[in-house]
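Here is the structure we will look at, set down as structure tokens.
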């Protein structure tokens, strides 16, 4: 019961953060709130027994993703146009209809935490029971990720490689490496000039 | 803000103190992914975070002297190739692609070796990808500053 | 369809979070804010999957002596992959936004549309 209360409180905080993200115009504050949103999500994952996922979400969502967005803000301007979105009612209508349809879809789902739900009865018991003897590692998530479903993880590594190659192709610039005395000259000009 | 970040003494001292522990923790998470939460992805991101912290305080050019551009490009490819070559090694030893049972004299041993090498490949790729992406963004910002001055 | 608490209440809260993210994506014209909305949407979808995998009275799926009931590890594996792919697409999207800013000198969608229709 107390677990459910913690999860409900965290999700209410996440909803408040989401509404704040929607309404703020200063993009720096929006990026910081996104980091907070990911961190609250990571806390919710821990309470839901997903410790590997929480680790990854905290490192990736609240760490690297925030830094990359701040880097983008440094390269673009940092204010959104202060006018309210002009098709707000149409957007709210679409969002409301989608939400209603999704809630109607969840009425068939098994209750939260139900051990008789169908997803717990096909492949998962086999992995949990046989992972100890076939592979011998305590962490079942690692053994499923790297051994039982290793082919998918190979594809995912390719995706990460492609993303880095894509960013290099879009933003990489070939410049000649500056000599040390040239670099020291420009650094003197930067710090001595007193930019405000 | 008329002072470069590396001249602020608190930032400089604390970051130099913390970065070795960040890298050590990343290695711990990498190798102990079998016994607790962790594994290749988390370790790669934490390892990159150490280098990104160094780049934030001391500048992208300084971190590029530690890890030059050709090194991150090579490590990106080496990580993926490690993973794929473990699969090919399984074929050469008589099993199917990515079948770790045939890599050693008994199946669980082979699984351990296979998972270790595979997670290492993933960790190397993720770390170099994050460092590459960050240094590309930051290098672009420095180029813009220099072009604006000249 | 009995509504004993919390029953399906968690799923409805998560759907509200998803709809907030969806609204941010479709209602705002600033490109960086759209990417932020996409991240909010992603985190909520992951929360939905992890909530489906939880078993009452279970613990984290790390084998230990004396523990009988574990939570389902399969959604965890799927979401681990999805998080990493999500950050890869976010990085590519942000790189494209930087190039758009350099070409059009603005990142508001309607101003870019106006420039495209003129020229």
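Protein chains in written order, with the numbering used here: chain A, 9 to 204; chain B, 93 to 242; chain C, 42 to 160. All residues carry an ideal CB built from backbone N, CA and C; glycine is no exception. Every value quoted in this text rests on a predicted model; they were computed, and no experiment measured them.
_Would residue 9(A) pass as an interface residue toward chain B - the criterion being a Cβ-Cβ separation below 7 Å?_
By this cut-off, residue 9(A) is not an interface position.
*Between residue 179(B) and the rest of its own chain, which residues show a CB-CB distance below 8 Å, the 5 nearest in sequence each way excluded?*
Scanning its chain for C-beta atoms nearer than 8 Å, with the 5 sequence neighbours on each side dropped, one finds around residue 179(B) the residues 189, 190, in chain order.
*Report the residue ranges of all alpha helix (DSSP H) runs contained in full by the region 148-225 of chain B; include only those spanning at least 4 residues, in chain order.*
Taking only runs of at least 4 residues, the alpha helix (DSSP H) segments lying wholly in the region 148-225 of chain B are 152-158, 161-184.
*Unbroken stretches of the alpha helix (DSSP H), 4 residues or longer, contained in the region 118-149 of chain A*: Taking only runs of at least 4 residues, the alpha helix (DSSP H) segments lying wholly in the region 118-149 of chain A are 132-142.
_Going by beta-carbon coordinates alone, are residue 107(C) and residue 82(C) separated by less than 7 Å?_
For residue 107(C) and residue 82(C), no; Cβs fall outside 7 Å.
_Residues of the region 154-186 of chain A whose Cβ lies closer than 9 Å to any Cβ of chain B, in chain order_ = Flagged, chain order: 154, 155, 158, 159, 161, 162, 164, 165, 166, 168, 169, 171, 172, 173, 175, 176, 178, 179, 180, 181, 183, 185, 186.
*Identity of the residues DSSP links to residue 103(C) by a beta bridge*: According to DSSP, which records beta bridges pairwise, residue 103(C) is partnered with 147(A).
*Helix, strand or coil at residue 88(A) [DSSP, three-state]*: Looking at residue 88(A) - three-state DSSP - the assignment turns out to be coil, as it is neither helix nor strand.
*Tell whether a beta-carbon distance below 7 Å holds between residue 136(C) and residue 168(A).*
In this structure, residue 136(C) lies away from residue 168(A), with their beta-carbon atoms at least 7 Å apart.
*Output the distance between the C-alpha atoms of residue 23(A) and residue 216(B), rounded to the nearest integer angstrom.*
When only Cα atoms are considered, residue 23(A) and residue 216(B) end up about 36 Å apart.
_Could you check whether the Cβ of residue 142(A) sits closer than 7 Å to any Cβ belonging to chain C?_
Not one chain C Cβ lies under 7 Å of residue 142(A).
*What is the C-beta distance between residue 200(B) and residue 143(A), in whole angstroms, given that I count them as a contact (C-beta under 8 Å)?*
Yes, they are in contact, since the Cβ atoms of residue 200(B) and residue 143(A) sit about 6 Å apart, within 8 Å.
*Does the Cβ of residue 191(B) lie closer than 6 Å to at least one heavy atom of the ligand ATP?*
Among the components of this structure there are no ligands whatsoever, and the ligand ATP is therefore not found.
*Determine contact between the region 159-175 of chain A and the region 137-150 of chain B, defined as no fewer than three beta-carbon pairs at a distance below 8 Å.*
Output reads no: the region 137-150 of chain B does not touch the region 159-175 of chain A.
*For the region 16-32 of chain A, which residues have a CB atom closer than 8 Å to at least one CB atom of chain C, in sequence order?*
Within the region 16-32 of chain A, the residues whose Cβ lies closer than 8 Å to some Cβ of chain C are 16, 19, 20, 22, 23, 26, 27, 29, 30, listed in chain order.
*Would you please verify whether the beta carbon of residue 13(A) is less than 7 Å from any beta carbon of chain C?*
Interface criterion not met: the Cβ of residue 13(A) is under 7 Å from no Cβ in chain C.
_To test your reading of the DSSP string, which unbroken alpha helix (DSSP H) runs of 4 or more residues are found completely within the region 12-63 of chain A?_
Counting whole runs of 4 or more residues, the region 12-63 of chain A contains the alpha helix (DSSP H) stretches 35-55.
*asked:* Please classify residue 197(B) as buried or exposed, where buried requires at least 16 other C-beta atoms within 10 Å of its C-beta.
replied: Residue 197(B) comes out exposed.
*Through-space distance from residue 66(C) to residue 107(B), alpha-carbon basis*: Their Cα atoms are separated by approximately 37 Å.
*State the Cα-Cα distance for the pair residue 230(B) and residue 108(A), rounded to the nearest angstrom.*
Within the model, the alpha-carbon separation for residue 230(B) versus residue 108(A) is close to 43 Å.
*asked:* Taking contact to mean 3 or more Cβ pairs, one atom from each stretch, closer than 8 Å, check whether the region 116-127 of chain B and the region 203-213 of chain B are in contact.
replied: Result yes; three or more Cβ-Cβ pairs closer than 8 Å.
*So which residues on chain C does residue 128(B) lean against when the C-beta distance must stay under 7 Å?*
Chain-order list of chain C residues neighbouring residue 128(B): 103, by C-beta distance under 7 Å.
*Secondary structure, alpha helix (DSSP H): runs of 4+ residues fully inside the region 100-128 of chain B*: Listed in chain order, they are 101-123.
*With burial defined as no fewer than 16 other Cβ atoms inside 10 Å of the residue's Cβ, what is the status of residue 160(B): buried or exposed?*
Answer is exposed; the Cβ neighbour count stays below 16.
*Please list the partners that residue 132(C) has in chain B, where partner means a Cβ-to-Cβ separation under 8 Å.*
Going along chain B in sequence order, the residues near residue 132(C) (Cβ under 8 Å) are 225.
*What residue does the alpha helix (DSSP H) around residue 74(C) start on, and which one ends it?*
That run of the alpha helix (DSSP H) goes 72-94.
_Could you tell me the alpha carbon to alpha carbon distance between residue 122(C) and residue 80(C), rounded to whole angstroms?_
One Cα belongs to residue 122(C), the other to residue 80(C), and the distance between them is close to 15 Å.
*Give the interface partners of residue 107(C) over in chain A, defined as CB-CB distance under 9 Å, in chain order.*
In chain order: nothing, as chain A lies at least about 13 Å away.
*Would you please verify whether the beta carbon of residue 84(A) is less than 7 Å from any beta carbon of chain B?*
Chain B, which has no Cβ nearer than 7 Å to the Cβ of residue 84(A), makes this no.
*Proximal residues of chain C, C-beta to C-beta of residue 60(A) below 7 Å*: Within chain C, the residues near residue 60(A) are 117, 121.
*asked:* Taking 7 Å as the threshold (C-beta atoms), are residue 131(B) and residue 161(A) in contact?
replied: In terms of Cβ geometry, residue 161(A) and residue 131(B) do not form a close pair [threshold 7 Å].
*Starting from the beta carbon of residue 105(A), find every residue of chain C whose beta carbon is closer than 9 Å, and list them in chain order.*
Identification of chain C residues near residue 105(A) by a Cβ-Cβ cut-off of 9 Å yields none; the smallest Cβ-Cβ distance measures about 10 Å.
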